[in-house]
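In my numbering, the protein residues as written are 5 to 179.
Yeah, the Cβ is synthetic: ideal placement off N, Cα and C, and Gly gets one too.
Read through the structure below, which is laid out as structure tokens, and then see the notes.
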Amino acid sequence: MFERFTGDAREVVVEAQRDAAEVGAAEITSLHLLAAMMRAPESKASRLLTSLGVSVDDVAAEAGRVRRRGGISEADAEALGEFGIDVERIIDRIEEVHGPSALAGTGRSAKRKHIPFADDSKKTLELTIKEVVRAGGKELGSEHILVALTVLRGPAADVLARFDVDAPRLRQALS
């Protein structure tokens with residue numbers, strides 16, 4: 005499958021693996037893919053977001069906040085707030101007891117040589133192939149990974165939705 009990836013798409017996957025290893029994550033998640041993509045300003049995905057008026061730095065910062073909250077998006081936190089649940093306060097307390105980024109899934113696999121892809125990142129890569137086929141292309145670029153991240157419901161899609169980035173908007177910009 006990876007032989008069809010462009011250079012920038014391969015770099016996204018490699019950087020996601022590095023990111024997961026650096027933080028000691030048990031798995032490579034869709035948030036790792038998104039964060040890696042945001043650190044590659046010359047990738048087609050980053051340029052696509054910029055062309056839509058979306059700050060890559062803002063997306064990266066929001067992805068970091070969601071990761072710190074263990075995948076709880078801002079929308080989820082707001083919904084819980086309506087029931088009187090202060091997510092930030094709970095996370096602060098968890099971090100007091102268990103250390104920084106305790107909910108981010110860090111520290112458990114720092115010495116592992118191989119970090120597996122989480123179900124959401126596997127599905128994202130499968131959807132990336134479907135996006136390429138849908139677009140009539142042959143190579144999988146970072147822009148296709150970006151579209152796939154918006155298609156699959158989850159933390160990465162939630163982050164992108166905060167910036168009004170969704171699959172139809174990305175597909176239109178790519179056409």
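Within the same chain, show all residues whose beta-carbon is closer than 8 Å to that of residue i, passing over the 5 residues directly before and after it, in chain order.
{"i": "Ala81", "result": "Arg73, Val91, Glu92"}
{"i": "Leu52", "result": "Glu147, Leu150, Leu174, Ala177, Leu178"}
For residue i and residue j, what's the separation of their Cα atoms in angstroms?
{"i": "Glu100", "j": "Ala165", "result": "30 Å"}
{"i": "Lys48", "j": "Phe121", "result": "23 Å"}
{"i": "Glu143", "j": "Glu86", "result": "45 Å"}
{"i": "His148", "j": "Val27", "result": "26 Å"}
{"i": "Phe6", "j": "Arg14", "result": "7 Å"}
Check whether the Cβ atoms of residue i and residue j lie closer than 9 Å to each other.
{"i": "Asp2", "j": "Ala30", "result": "Only positions 5 to 179 of the chain appear in the structure, and residue 2 is not among them; the question remains open."}
{"i": "Ile94", "j": "Gln21", "result": "no"}
My understanding is that residue i touches residue j, with C-beta atoms under 8 Å, so please give their C-beta distance in whole angstroms.
{"i": "Ser146", "j": "Val16", "result": "5 Å"}
{"i": "Ala83", "j": "Met42", "result": "The pair is not a contact, with the Cβ atoms about 25 Å apart (cut-off 8 Å)."}
Can you list, in chain order, the residues of its chain with a C-beta nearer than 7 Å to that of residue i? Leave out the 5 residues immediately preceding and following it.
{"i": "Thr54", "result": "Val60"}
{"i": "Ala79", "result": "Asp162"}
{"i": "Thr132", "result": "Leu144, His148, Ile149, Ala152"}
Within its chain, find whatever has a CB closer than 6 Å to the CB of residue i; leave out the 5 residues flanking it on each side and keep chain order.
{"i": "Asp62", "result": "none"}
{"i": "Ala160", "result": "Ser34, Leu35, Leu38, Leu153"}
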